[in-house]
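Below is one structure, written out as structure tokens; the observations come after it.
There are 2 protein chains.
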Amino acid sequence: MTTIQADADMLTLVNVFSVKPENQPKLVQLLVDATQQTMRHLPGFISANIHKSVDGTKVVNYAQWRSREDFDAMRLNPSVGPHMQAAAALAQFEPILCEVVDSISEGK
Amino acid sequence: MTTIQADADMLTLVNVFSVKPENQPKLVQLLVDATQQTMRHLPGFISANIHKSVDGTKVVNYAQWRSREDFDAMRLNPSVGPHMQAAAALAQFEPILCEVVDSISEGK
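Top to bottom, those sequences are chains A and B. Following my numbering, the residues of the first sequence are numbered contiguously, the last one being 554. Following my numbering, the residues of the second sequence are numbered contiguously, the last one being 554.
Encoded structure:
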């Protein structure tokens with residue numbers, strides 16, 4: 447289970463993939479496999495949360511890394527390249543590096 | 447605190463706002479205020495999590511609603527319109543309605 451909190455000392459990556467609806471299931475599986483096989487074993491990995499859009503045209507990965515340094519090291523890791531190339535062959539993507547400013551829940 | 451889980455019976459809204467860096471703090475505050483004053487009091491609201499991008503050009507709201515019906519009712523609620531119009535005056539936005547397919551954490 448993943449948690450979101452303001453002022454947590456981490457980097458959040460929101461990666462929005464635009465995909466043809468017929469390729470959405472394949473992209474989802476590719477991201478799940480990349481996370482299980484590679485990402486989650488790398489230093490600083492906290493979580494990856496793979497979402498599929500209701501309309502079929504997007505996939506969103508909401509991922510958490512311990513630090514910007516860990517994230518940058520991941521992108522340069524040779525084991526990550528093939529996963530990224532496979533994703534790029536299926537979809538366009540826009541990674542957004544961010545931090546949580548506020549987390550407001552129903553009870554709060 | 448917000449939690450992300452696969453197979454949770456809810457609707458996730460990932461709303462990506464594109465903004466001029468000088469307007470990023472104002473947009474963040476607007477979304478926090480809209481959530482505190484209005485959204486969190488509406489039926490079906492679970493959470494809103496406001497993120498600012500490191501590069502200053504984006505704001506991301508990761509929000510959870512109990513159902514699509516609650517989300518649609520929120521958008522038609524007259525109290526929501528002024529917040530949306532204020533956001534639209536500051537930024538372009540792309541709401542993505544989705545569901546969590548998999549949530550993979552470091553321990554899993």
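Every residue gets a Cβ at the ideal spot worked out from N, C-alpha and C, and that includes glycine.
Could you spell out where the alpha helix (DSSP H) holding A:LYS472 opens and where it closes? Here residue 472 of chain A refers to the residue found at position 26 when the first sequence is read from its first residue. Start and end: 470-483.
- Compare the Cα-Cα distances from B:MET456 to each of B:VAL505, B:HIS529, B:GLN510, B:ASP479 and report the closest residue. Numbered from 1 along the second sequence, position 10 holds the residue referred to as residue 456 of chain B. B:MET456 has its Cα closest to that of B:GLN510, out of B:VAL505, B:HIS529, B:GLN510, B:ASP479.
- Going by beta carbon distance, what residues of the same chain come within less than 6 Å of A:GLN538, once the five residues before and after it are set aside? Counted from its first residue, the first sequence places residue 538 of chain A at position 92. So the list reads SER464, once near-sequence residues are dropped.
So, does the CB of A:ARG521 fall closer than 7 Å to a CB anywhere in chain B? By one-based count along the first sequence, residue 521 of chain A stands at place 75. No, A:ARG521 does not count as interfacial toward chain B.
- What is the DSSP secondary structure of A:ALA509, counted as helix, strand or coil? Position 63 of the first sequence, counted from the start, is the residue given in the question as residue 509 of chain A. Three-state result, A:ALA509: strand.
- [ ] Inspect the beta-carbon positions of A:PHE517 and B:GLU552 and report whether they are closer than 7 Å.
- [x] Here residue 517 of chain A is taken as the residue at index 71 of the first sequence, counted from 1. Here residue 552 of chain B is taken as the residue at index 106 of the second sequence, counted from 1. Their beta carbons are not under 7 Å apart, which means A:PHE517 does not touch B:GLU552 by this criterion.
Quiz prompt | Cα-Cα separation, B:ALA480 to A:ILE450 | solution = Taking the first residue of the second sequence as 1, we reach residue 480 of chain B at position 34. Taking the first residue of the first sequence as 1, we reach residue 450 of chain A at position 4. In a straight line, the C-alpha of B:ALA480 is about 19 Å away from that of A:ILE450.
What does a CB cutoff of less than 8 Å around B:ALA533 pick up in its chain, not counting 5 residues either side in sequence?
On the second sequence, position 87 is the one that residue 533 of chain B refers to. Excluding sequence neighbours, B:ALA533 sits near PHE463, LEU473, LEU476, LEU477, ALA480, PHE539.
- Message: With distance defined between alpha-carbon atoms, name the residue in B:MET447, B:PRO471, B:THR484, B:ASN461 nearest to A:VAL506.
- Response: Your numbering for residue 506 of chain A matches position 60 in the first sequence. When each option's Cα is compared against that of A:VAL506, the closest is B:ASN461.
Under 7 Å between C-beta atoms, does B:SER464 make it to chain A? On the second sequence, position 18 is the one that residue 464 of chain B refers to. Answer no: the Cβ-Cβ gap between B:SER464 and chain A never drops below 7 Å.
message: So A:SER513 and A:ALA452 are supposed to be a Cβ contact under 8 Å. How far apart are they, rounded?
response: Along the first sequence, one-based indexing puts residue 513 of chain A at 67. Along the first sequence, one-based indexing puts residue 452 of chain A at 6. So it is not a contact: roughly 17 Å between Cβ atoms.
is_contact[A:ALA494, chain B] using C-beta, thresh 7 Å: In the first sequence, counting from the first residue as 1, residue 494 of chain A sits at position 48. Judged by the 7 Å Cβ criterion, A:ALA494 is in contact with chain B.
So with Cβ pairs under 7 Å, would you call B:MET447 a contact of chain A?
Here residue 447 of chain B corresponds to residue number 1 of the second sequence, with the count starting at 1. Taking 7 Å as the threshold, the shortest C-beta distance from B:MET447 to chain A falls below it.
Determine, for A:HIS487, whether the minimum Cβ-Cβ distance to residues of chain B falls below 7 Å.
Here residue 487 of chain A is taken as the residue at index 41 of the first sequence, counted from 1. So no, A:HIS487 is outside the interface.
**OP:** Pull up the distance between the alpha-carbon of B:PRO524 and that of B:ASP501, whole angstroms please.
**Re:** Translated into the one-based positions of the second sequence, residue 524 of chain B becomes position 78. Translated into the one-based positions of the second sequence, residue 501 of chain B becomes position 55. Straight-line Cα distance between these residues: approximately 34 Å.
Report the option in B:GLN483, B:PRO467, B:LEU459 whose CA atom is closest to the CA atom of B:PRO528.
The sequence position of residue 528 of chain B within the second sequence is 82, counting from 1. With distances taken between Cα atoms, B:PRO528 lies closest to B:GLN483.
*asked:* At the level of alpha carbons, what is the spacing between B:THR503 and A:ILE542?
replied: Position 57 of the second sequence, counted from the first residue, corresponds to residue 503 of chain B. Position 96 of the first sequence, counted from the first residue, corresponds to residue 542 of chain A. Roughly 9 Å separates the two Cα atoms.
| task | Tell me whether A:ALA494 sits in a helix, a strand or coil according to DSSP, three-state version. | result | Position 48 of the first sequence holds residue 494 of chain A. Looking at A:ALA494 - three-state DSSP - the assignment turns out to be strand.
### Task
Pick out whichever of B:GLU545, B:ALA535, B:LEU488 has its Cα sitting closest to the Cα of B:ARG521.
Taking the first residue of the second sequence as position 1, residue 521 of chain B is located at position 75. It is B:LEU488 whose Cα lies nearest to the Cα of B:ARG521.
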